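Asks: This is the structure I want to talk about, given as structure tokens.
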Amino acid sequence: MRTSTTTTAIVTTLLLASLVGCGTVDGTTTPGTTAPSPGGTESAKQRFLVDALSADFEGWTDFAPIETDLAHYPSEWCKGLKSGRSVKYLFNKEEGNLYPSGNDWNTTKPDANKLLLIAVDTHCPELRNQVTTEFIENGEL
């Protein structure tokens, strides 16, 4: 029985070691792995959607948005932020009208802020300081 346990442990260790080695070559992701490649609009979109839909936002408990509902927000937010618009402007219904909400999903303000940060991290990381500074100045972070 001990030999079987030891053999199983060795085989498991070898399999895990081989799986860990498969994903990288010299520290970079290789094709066929689940990690998205850096850069590229599509990979940023995929990272945003995965992070957003797995964030477990309080307002999305009963009804969460689908990917197509969320996909347009990051580029619109980044475009607005790059043009000098504030988060307050973007989220204001009469101005930017880009508050992340839909017919069935109720995004709370803290969750909307987190969602925006996810979008900034994936689509326009150079604007993260601008956004976090605004959140801090408004007591929202």
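Take the sequence shown: its position 47, counted from the start at 1, is 38 in this note's numbering, and no numbers get skipped. All residues carry an ideal CB built from backbone N, CA and C; glycine is no exception. Just so you know, these numbers come straight off a predicted model, no measurement behind them.
Are at least three pairs of beta-carbons, each pair with one atom in the stretch 118 to 131 and one in the stretch 45 to 56, less than 8 angstroms apart?
Replies: As far as the Cβ criterion goes, the stretch 118 to 131 does not touch the stretch 45 to 56, which means the pair count is below three.
Asks: Looking at the unbroken alpha helix (DSSP H) that takes in residue 126, where does it start and where does it end?
Replies: Mapped onto the sequence shown, residue 126 falls at position 135. Counting along the chain, the alpha helix (DSSP H) containing residue 126 begins and ends at 119 to 128.
Asks: For my contact list, residue 98 and residue 91 are in at a C-beta cut-off of 8 angstroms; report their separation, rounded to the angstrom.
Replies: Counting from 1 along the sequence shown, the entry for residue 98 is found at position 107. Counting from 1 along the sequence shown, the entry for residue 91 is found at position 100. That belief holds up - the Cβ atoms of residue 98 and residue 91 are roughly 5 angstroms apart, short of 8 angstroms.
Asks: Rounded to the nearest angstrom, what separates residue 117 and residue 35 at their Cα positions?
Replies: Mapped onto the sequence shown, residue 117 falls at position 126. Mapped onto the sequence shown, residue 35 falls at position 44. Rounded to whole angstroms, residue 117 to residue 35 spans 14 angstroms at the Cα level.
Asks: What is the DSSP secondary structure of residue 84, counted as helix, strand or coil?
Replies: Here the question's residue 84 lines up with position 93 in the sequence shown. DSSP places residue 84 in coil when its eight states are reduced to three.
Asks: By DSSP, does residue 38 sit in helix, in strand, or in coil?
Replies: Walking along the sequence shown from the start, residue 38 turns up at place 47. Three-state DSSP puts residue 38 in a helix.
Asks: Could you check which residue in 49, 44, 61, 110 has the C-alpha nearest to that of residue 78?
Replies: Against the sequence shown, residue 78 aligns to sequence position 87. Cα-wise, what sits closest to residue 78 is 110.
Asks: Between residue 71 and residue 87, how many whole angstroms is the CB-CB distance? I'm expecting something under 8 angstroms.
Replies: For the purposes of this step, residue 71 is taken as the residue at position 80 of the sequence shown. For the purposes of this step, residue 87 is taken as the residue at position 96 of the sequence shown. So it is a contact: roughly 6 angstroms between Cβ atoms.
Asks: Could you check the C-alpha separation between residue 113 and residue 120 for me, to the nearest Å?
Replies: Working through the sequence shown from its first residue, we reach residue 113 at position 122. Working through the sequence shown from its first residue, we reach residue 120 at position 129. About 14 angstroms.
Asks: Three-state secondary structure (DSSP) at residue 96?
Replies: Here residue 96 refers to the residue found at position 105 of the sequence shown. Reduced to three states, the DSSP call for residue 96 is coil.
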